[in-house]
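Chain order of the listed sequences is G and S.
Residue 1 is where the first sequence starts when you use the numbering used here, and the numbers rise one by one after that.
Residue 118 is where the second sequence starts when you use the numbering used here, and the numbers rise one by one after that.
In this text, a Cβ means the ideal position worked out from N, Cα and C, and glycines have one as well.
Data block below; observations after.
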Amino acid sequence: AASASEAFNDAEDPLIKQVVDGAEGEALTDHHHFSIFKRKFGKSYASQEEHDHRFKVFRANLRRARRHQKLDPSAVHGVTQFSDLTPSEFRRTYLGLRSKLRLPKDATQAPILPTDS
Amino acid sequence: LPADFDWRDHGAVTGVKNQGSCGSCWSFSTTGALEGANFLATEKLVSLSEQQLVDCDHECDPEEPGSCDSGCNGGLMNSAFEYTLKAGGLMREEDYPYTGTDRGACKFDKSKIAASVANFSVVTLDEDQIAANLVKNGPLAIAINAVFMQTYVGGVSCPYICSRRLDHGVLLVGYGSAGYSAVRMKEKPYWIIKNSWGESWGDGGYYKICRGRNICGVDSMVSTVAAVQTSSQ
C-alpha cells in the first residue's frame with residue numbers, strides 16, 4: 001500500500017478516464033489500459049499467472065465502470081487504484097464497517113435543531 | 118442554513134489520510150469527527166490517532182455478542198466514540214502514528230491525550246437536520262454503501278439505484294447547492310464526503326454524492342460528537 005501510495009503521488013495526472021472505448025479492438029485497448037494502470041499505480045504481480053488473473057479482474061472492472069457510468073451519469077467512473085480487485089476483495093480489504101451493523105438501542109438522539117434561520 | 122457549507126473552508130478538517138489495505142475506515146471517520154469537534158472547542162486543528170482505535174478499541178455492542186470494534190476487520194463509529202469516552206480521549210497522530218496493521222499491542226499513553234469526547238449522539242434521518250448538525254457541531258461521522266466508490270473518479274455521484282446496506286465509514290464535511298448533472302439537465306445539491314483512501318482517489322480524496330433521497334444510505338447512520346473544552350488543549 002505504501003509503494004502504491006508513493007506511486008500516486010508521483011503520477012503526473014491523478015485521474016485516468018479511459019473507460020468507454022468501442023468494442024473494436026477492445027482486447028488490445030484493455031491491455032493498453034492495464035499497462036497504464038500498472039505504471040500509474042505502481043502495481044506489479046508475483047507471477048505471470050497472477051498477472052493474467054489480475055488482467056481478467058481489471059477487464060471485468062472496466063465493464064463494471066461502464067455500467068456504473070450508465071447508472072451514475074453525473075459522476076465520472078473509470079480506472080482507480082482498486083481496478084485490479086474483485087468486488088469482494090475490495091470489500092474485504094478497504095471497507096470496514098462492522099457487518100452486523102445497527103445503531104445501539106441506547107444511542108442518544110441529537111436534539112432537533114431549527115433549520116429555518 | 119447556508120446554501121453551501123464546507124468545513125474545509127473553516128479549518129476544521131485535516132488532510133486526507135490513507136487507511137491502506139486495512140478495513141479501518143471506521144477509525145478514520147471517528148477521528149475526523151473528533152478532530153472537527155475539538156477544533157470547535159479549542160480553535161486548534163489537531164490530527165488524531167486512528168492507530169489508537171485500531172490497537173486499543175475493542176468496544177462491543179452489549180446487545181450483539183461478538184460484535185466488537187476489531188482493527189482492520191472493522192468497527193463502528195459510535196462504539197469508537199464510546200471507547201474514546203471511556204479511555205479519556207485520543208492521542209495525536211504524531212504520538213501514535215498509523216501503521217495500517219492491527220497486529221501491534223495497544224500503546225495508549227493517557228498522559229498524551231490530545232482530544233476528549235464530551236458526548237455523542239445520532240442524528241435523525243432528515244437531511245435538513247443532518248445539515249443543521251453539520252453546521253452547528255462540525256463534521257459528522259457517517260456510514261455509506263461504497264459500491265460505486267470502487268470506480269468513482271469525480272463529479273457528483275447520483276446513481277439511479279444503490280443499495281442502502283452500509284459497509285463503509287466516512288466523514289461528512291459539507292454540502293453544496295449546485296453540482297451540475299448533464300443528463301438530468303439541472304443543478305443538483307450534494308454532500309461533500311472525506312474518504313480515507315488517499316488524495317489520489319476520487320476528487321482529491323473526497324466524494325460528492327447527491328442529496329435528497331438517502332442515496333446509498335448516506336443519511337441512515339449519522340453521528341455527531343462534542344469535544345471537551347479545555348484550556349490545556
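- Looking at the DSSP output, residue 209 of chain S sits in a beta bridge with S:165.
- Out of S:177, S:242, S:277 and S:247, the CA that lies nearest to the CA of residue 290 of chain S is found in S:247.
- Rounded to whole angstroms, the gap between the alpha carbons of residue 279 of chain S and residue 332 of chain S is 7 Å.
- Nearest Cα to residue 96 of chain G within the set S:152, S:178 and S:146: S:146.
- Rounded to whole angstroms, the separation of the alpha carbons of residue 38 of chain G and residue 203 of chain S is 45 Å.
- For residue 257 of chain S, there is no enclosing alpha helix (DSSP H); the residue is found in the beta strand (DSSP E) stretching over 257-261.
- Around the beta carbon of residue 32 of chain G, fewer than 16 other beta carbons sit within 10 angstroms, so the residue counts as exposed.
- Contact annotation: in the region 264-285 of chain S, residues whose CB is within less than 7 Å of a CB in chain G are 265, 267, 268, 269, 270, 271, 272, 273, 274, 275, 276, 277, 278, 283, 284 and 285.
- When rounded, the separation of the alpha-carbon atoms in residue 110 of chain G and residue 69 of chain G is 37 Å.
- Taking 3 residues as the minimum length, the beta strand (DSSP E) runs contained wholly in the region 238-296 of chain S are 257-261 and 269-274, in order along the chain.
- Across the region 232-249 of chain S, CB contacts with chain G closer than 9 Å involve 236, 237, 238, 239, 240, 241, 243, 245, 246, 248 and 249, in sequence order along the chain.
- Residues of chain G whose Cβ lies closer than 7 Å to the Cβ of residue 341 of chain S are, in chain order, 110.
- Looking only at S:286, S:168, S:239 and S:264, the smallest Cα-Cα distance to residue 83 of chain G is reached by S:264.
- For residue 184 of chain S, the closest Cβ of chain G is nearer than 8 Å.
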